[in-house]
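Taken in sequence, the protein lines are chains A and B.
Position one of the first sequence corresponds to residue 1 (this note's numbering), numbered consecutively onward.
Position one of the second sequence corresponds to residue 1 (this note's numbering), numbered consecutively onward.
All residues carry an ideal CB built from backbone N, CA and C; glycine is no exception.
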Amino acid sequence: MGSVTQLARLLAELDEQLITCMRCGFCQSVCPLYGETGREADVARGKLALLDGLAHEMLQDPHGVRERLERCLLCGSCAANCPSGVKVLDIFLKARAILSGYLGLPPAKQLLFRQVLARPALFNRLMSLAPRFENLLTRPVDSLLDTSCARFTSPLGQRHLKRLARVPLHRLEPPRSTPAGASGLRVAFFAGCLIDKLYPAAGRAALKALEHHGVGVEMPAEEACCGIPALSAGDMPTFNKLLGHNLARLDPGRFDYLVTACATCAGTIHQLWPLMCASLSPAAQERARALAAKTRDVSQFLVETDLVQGQAPAPDPQAQPLTYHDPCHLKKSLGVFREPRRLLAANPAWRLVEMTESDWCCGLGGSFSLEHYDLSQRIGKHKLEHIAASGAATVATGCPACMLQISDQLSQAGRRVAVKHYLEIYADTL
Amino acid sequence: MSTAALHQEFARIAGPENVFKDASDLLTYSYDAALLPSQPPGLAVRPTTLEALGQVVRLCNQEGLPLTVRGAGTNLSGGTIPAREGVVVVTTALNRIVEINQEDLYAVVEPGVINARLFAEAQKLGLFYPPDPGSQAVSTLGGNVAENSGGLRGLKYGVTRDYVMGLSFFDTEGQLVKTGSRTVKCATGYNLAGLMVGSEGTLGVFGQIILRLIPPPAASRALLAVFDRVQAASETVAAIIAARITPATLEFLDNFTIRTVEEFSGAGLPTEAAALLLIEVDGHPAQVAEEAQKVQEICRAQGATLVRPAADAAEKERIWTARRAAIPALARLKPSVVLEDATVPRSKVPELVRFINDLAKRYELTIGTFGHAGDGNLHPTIVFDQRDAEQEKRVRQAVEELFDRALALGGTLSGEHGLGLTKTRFLVKEVGKATIAWSRRLKRAMDPKGILNPGKIVGA
Numbered sequence: 001m002g003s004v005t006q007l008a009r010l011l012a013e014l015d016e017q018l019i020t021c022m023r024c025g026f027c028q029s030v031c032p033l034y035g036e037t038g039r040e041a042d043v044a045r046g047k048l049a050l051l052d053g054l055a056h057e058m059l060q061d062p063h064g065v066r067e068r069l070e071r072c073l074l075c076g077s078c079a080a081n082c083p084s085g086v087k088v089l090d091i092f093l094k095a096r097a098i099l100s101g102y103l104g105l106p107p108a109k110q111l112l113f114r115q116v117l118a119r120p121a122l123f124n125r126l127m128s129l130a131p132r133f134e135n136l137l138t139r140p141v142d143s144l145l146d147t148s149c150a151r152f153t154s155p156l157g158q159r160h161l162k163r164l165a166r167v168p169l170h171r172l173e174p175p176r177s178t179p180a181g182a183s184g185l186r187v188a189f190f191a192g193c194l195i196d197k198l199y200p201a202a203g204r205a206a207l208k209a210l211e212h213h214g215v216g217v218e219m220p221a222e223e224a225c226c227g228i229p230a231l232s233a234g235d236m237p238t239f240n241k242l243l244g245h246n247l248a249r250l251d252p253g254r255f256d257y258l259v260t261a262c263a264t265c266a267g268t269i270h271q272l273w274p275l276m277c278a279s280l281s282p283a284a285q286e287r288a289r290a291l292a293a294k295t296r297d298v299s300q301f302l303v304e305t306d307l308v309q310g311q312a313p314a315p316d317p318q319a320q321p322l323t324y325h326d327p328c329h330l331k332k333s334l335g336v337f338r339e340p341r342r343l344l345a346a347n348p349a350w351r352l353v354e355m356t357e358s359d360w361c362c363g364l365g366g367s368f369s370l371e372h373y374d375l376s377q378r379i380g381k382h383k384l385e386h387i388a389a390s391g392a393a394t395v396a397t398g399c400p401a402c403m404l405q406i407s408d409q410l411s412q413a414g415r416r417v418a419v420k421h422y423l424e425i426y427a428d429t430l
Numbered sequence: 001m002s003t004a005a006l007h008q009e010f011a012r013i014a015g016p017e018n019v020f021k022d023a024s025d026l027l028t029y030s031y032d033a034a035l036l037p038s039q040p041p042g043l044a045v046r047p048t049t050l051e052a053l054g055q056v057v058r059l060c061n062q063e064g065l066p067l068t069v070r071g072a073g074t075n076l077s078g079g080t081i082p083a084r085e086g087v088v089v090v091t092t093a094l095n096r097i098v099e100i101n102q103e104d105l106y107a108v109v110e111p112g113v114i115n116a117r118l119f120a121e122a123q124k125l126g127l128f129y130p131p132d133p134g135s136q137a138v139s140t141l142g143g144n145v146a147e148n149s150g151g152l153r154g155l156k157y158g159v160t161r162d163y164v165m166g167l168s169f170f171d172t173e174g175q176l177v178k179t180g181s182r183t184v185k186c187a188t189g190y191n192l193a194g195l196m197v198g199s200e201g202t203l204g205v206f207g208q209i210i211l212r213l214i215p216p217p218a219a220s221r222a223l224l225a226v227f228d229r230v231q232a233a234s235e236t237v238a239a240i241i242a243a244r245i246t247p248a249t250l251e252f253l254d255n256f257t258i259r260t261v262e263e264f265s266g267a268g269l270p271t272e273a274a275a276l277l278l279i280e281v282d283g284h285p286a287q288v289a290e291e292a293q294k295v296q297e298i299c300r301a302q303g304a305t306l307v308r309p310a311a312d313a314a315e316k317e318r319i320w321t322a323r324r325a326a327i328p329a330l331a332r333l334k335p336s337v338v339l340e341d342a343t344v345p346r347s348k349v350p351e352l353v354r355f356i357n358d359l360a361k362r363y364e365l366t367i368g369t370f371g372h373a374g375d376g377n378l379h380p381t382i383v384f385d386q387r388d389a390e391q392e393k394r395v396r397q398a399v400e401e402l403f404d405r406a407l408a409l410g411g412t413l414s415g416e417h418g419l420g421l422t423k424t425r426f427l428v429k430e431v432g433k434a435t436i437a438w439s440r441r442l443k444r445a446m447d448p449k450g451i452l453n454p455g456k457i458v459g460a
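Below, the structure written as structure tokens:
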């Protein structure tokens, strides 16, 4: 660890972006965390002021700043609502990388990221063994939601976790390279860890839809994680390793689009790969940018290319009420919110009933939920209330991480509402 | 009391989780939205009950600690920048709407309630709380009252002052003082509420506030009028008022603001226009129809090249979205923004607009002018780079000239942002030495140790 002056010099590169915050405080109205705590250090303006304080040596407390900087869901609500257009997420991720580089990574994270996540083959092997032990350690609680909770005192606390898939997606749907069909289009399908290991049904629904629409699919063997957990922790070495691994397997020359059914992966590949790849070789950077430009959420791809078009059918008289939760990474980062609703409308068995504040963050925020479970739960409680008030029999969304959080909330509250990926609803019509 | 004992005492009153003493937390209570240097306090405390709030005030007074109350910290004049080694009292946890009375049309709120929340809750019950400062989505009612905030509806509906029926506040001893009532009329005692509105936290610390609610207008109509001369637009403002029509809103945008907004939001504004007026009339449907008609006639007679009433709700929304985009659009041009609010009698708006254009040329500054032309409350907005000392100097000089001119025209230093720290030194120009001396005597009587938001309004 160097001097604070040295840290200030590292942070100085953020200065051009930090100065654009005019401290109007408008971020307060949309920040899910500030909504719970009312503490200025929890909202974007406060964190930007802290980074500015470190960068200008008004503050000598890098540990304190890191601790506050990590109290953030990275949902991007503030950036989407910022009058000055401050690139809050870019700043926070770069600052986390700088602070982690300077202060070092906590040992547990270092072990998890560098020894497991950064080795996709090992990660897959470990996770495929895990279901065998799951029943020993946990007991099922809700059959509709397929959740379980710990039998004994556990580091995961009282969570009701979605149970691991018995067979992950990469075994159900092996690697392939199929030619373009009627659509004349080929895509690479990026599954992402949570769809692969927890929600393979969503992945299968995506593949079914692509096949139905005559889209050729590239699915490389052994994709790695998109890198967001490492990036959020400021672990640039792991992120670079994962990015390099993925870049080697995804050649943008071989397909028209890169599609994913995970909002978080879509946001990460589209926005963060090109932003955070500066230390890679020029050729790798070029490839990251090319992939980012081709990346779409599946709903976005299907609607944008006119594969799903025309009027949606009128709902059946017997249609069940369904509600939709907007994942932050789809709505706020990518501006995708009409497209998933269009796909839901294609299924007449369901009738969409909008919940209040459908784009209020569910409160998961990846590792935020591991480190601040109580806050994560408090934020999630609003989502639970809004889902319940909508009277829906099923809640659909476009992000497996949101599905995980919403299932935990519903399961703990004993609410009989199913959680599905919007693609599962859509695929039922094909 | 030793620092440790003092921290313990604050923790006893407010709960340890509501007392902030780490340098990192304190830095986040060192600023507001004014372009002024930060000043971290010695301590920040976030009471969750009014009782605790009173005890915090008493403790501060007992220990002689400067006390600055802070809600959302959105104010533009530095009113919530604390004193060195002082205590910031954060009101965000005092956020209960205690009562909305539908029979007698009032609401009782704690100071930390957000303006937009009261608006929404009142609306659900078919009632209307009109004051709508630009920051209404985040700013607190306590802050609105302390700054006497205005907004877009000031012309017809007045400002925060016109809705405060009564309030309670803690004096420096932590005693609760009550003034005003839940009645429409109240002639009991001194009008202390009148004194507290706009006092910027220098005379007492608000407990509960009683706010008047009104029935919402039954109908409204928005119009957009385009002018190829600034003079014609600003004279139209005066002509509408002179014709005894009081629109709910009468907003002005100059060419620079129009072009910036258009580039930012693509709202379909006529970028060649020298100025735009955005006008909304509201009230009984028949009155709305008649006034909308008259306003159109006046605009045309004054030389508007185009007058377009909003066809439907969507078009009306587009018109207001364009107005709301003014600040964000201008803010993205340069890193620093000074949003001024010198205000003149409405008949003097044309002269003020001319003067601001002249200022921009003389000081070589980028100034977008927009604002509540109907109240004479314009917001010349200067965008620049604060890191350039020479530029900043020119900005300060231009602002000083702006104040001088507004006062010479019979206007005021601040229409709705308050004096805070930014305009304290100019106050004498508006009110004279005797007023400042009297105000200081008043403050000394109410706050003998000078702990209440020192430095604001009347200086130290």
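Distance from the CA of residue 12(A) to the CA of residue 301(B), rounded to the nearest whole angstrom, comes to 56 Å.
Only those residues of the stretch 31-46 of chain B whose C-beta falls short of 9 Å from the nearest C-beta of chain A are listed: 31, 32, 33, 34, 35, 38, 40, 44, 46. Assignment of beta-bridge partners to residue 299(B) by DSSP yields no partner. Shortest Cα-Cα distance from residue 91(A) to any of 231(A), 239(A), 279(A), 325(A) involves 231(A). Where residue 219(A) is concerned, the enclosing beta strand (DSSP E) starts and stops at 215-219. Against chain A, the beta carbon of residue 331(B) has neighbours under 7 Å at 22, 83, 84, listed in chain order. No residue range can be given for residue 29(B), since it is assigned to no alpha helix (DSSP H) and is classified by DSSP as neither H nor E. In the DSSP assignment, residue 139(A) is bridged to 149(A). Note that the C-beta distance between residue 324(A) and residue 388(A) is not below 9 Å. In the DSSP assignment, residue 168(B) forms a beta bridge with 178(B). Residue 108(A) does not reach chain B, its nearest Cβ partner there being about 23 Å away, counting only Cβ pairs nearer than 8 Å. In its chain, beyond the 5 residues on either side, 321, 322, 323, 353, 417 have a beta carbon closer than 7 Å to the beta carbon of residue 392(A). When beta bridges are read from the DSSP output, residue 254(B) appears opposite 275(B).
Beta bridge pairing from DSSP links residue 162(A) with 147(A). Annotated three-state conformation of residue 204(A) is helix, per DSSP. Per DSSP, reduced to three states, the secondary structure at residue 401(B) is helical.
Three or more beta-carbon pairs drawn from the stretch 86-102 of chain A and the stretch 223-243 of chain A are found closer than 8 Å, and the two stretches are therefore classed as touching. The three-state reading of DSSP puts residue 71(A) in coil, since its state is none of H, G, I, E or B. Of the other Cβ atoms in all chains shown, fewer than 16 fall within 10 Å of the Cβ of residue 190(B); this residue is therefore exposed.
Nearest to residue 127(B) by alpha-carbon distance, out of 219(B), 457(B), 101(B), is 101(B).
In the assembly as shown, residue 197(A) is a buried residue. Its beta-carbon has 16 or more other beta-carbons within 10 Å. Here the stretch 334-342 of chain B makes contact with the stretch 382-389 of chain B; the two share three or more CB pairs at distances below 8 Å. Beta-bridge pairing by DSSP links residue 323(A) to 395(A). Residue 260(B) and residue 136(B) have their C-alpha atoms roughly 23 Å apart. With contacts defined as CB atoms closer than 9 Å, residue 344(A) and residue 425(A) qualify as a contacting pair.
With a threshold of 9 Å between beta carbons, residue 129(B) makes no contact with chain A.
In the DSSP assignment, residue 377(B) falls within the unbroken beta strand (DSSP E) covering 377-384.
Using a Cβ-Cβ cut-off of 9 Å, residue 27(B) counts as an interface residue toward chain A, since at least one Cβ of chain A sits closer than that to its own. As the crow flies, the alpha-carbon of residue 432(B) is around 58 Å from that of residue 364(A). By the Cβ rule, the stretch 59-77 of chain A counts as touching the stretch 367-384 of chain A, because three or more pairs are nearer than 8 Å. Put simply, the CB of residue 267(B) is far from chain A, with every gap to its CB atoms at 9 Å or more.
For the stretch 78-139 of chain B, the full-length alpha helix (DSSP H) segments reaching 4 residues or more read 115-124 along the chain. In this structure, 20(B) is the residue among 49(B), 20(B), 58(B), 117(B) with its C-alpha nearest to the C-alpha of residue 42(B). For residue 163(B), there is no enclosing alpha helix (DSSP H), as DSSP gives it neither H nor E. At a cut-off of 9 Å between beta carbons, residue 76(A) makes no contact with chain B. Residues of the same chain with a CB within less than 6 Å of the CB of residue 66(B), apart from the 5 flanking positions on each side, are 83, 86, 451, 454 in chain order.
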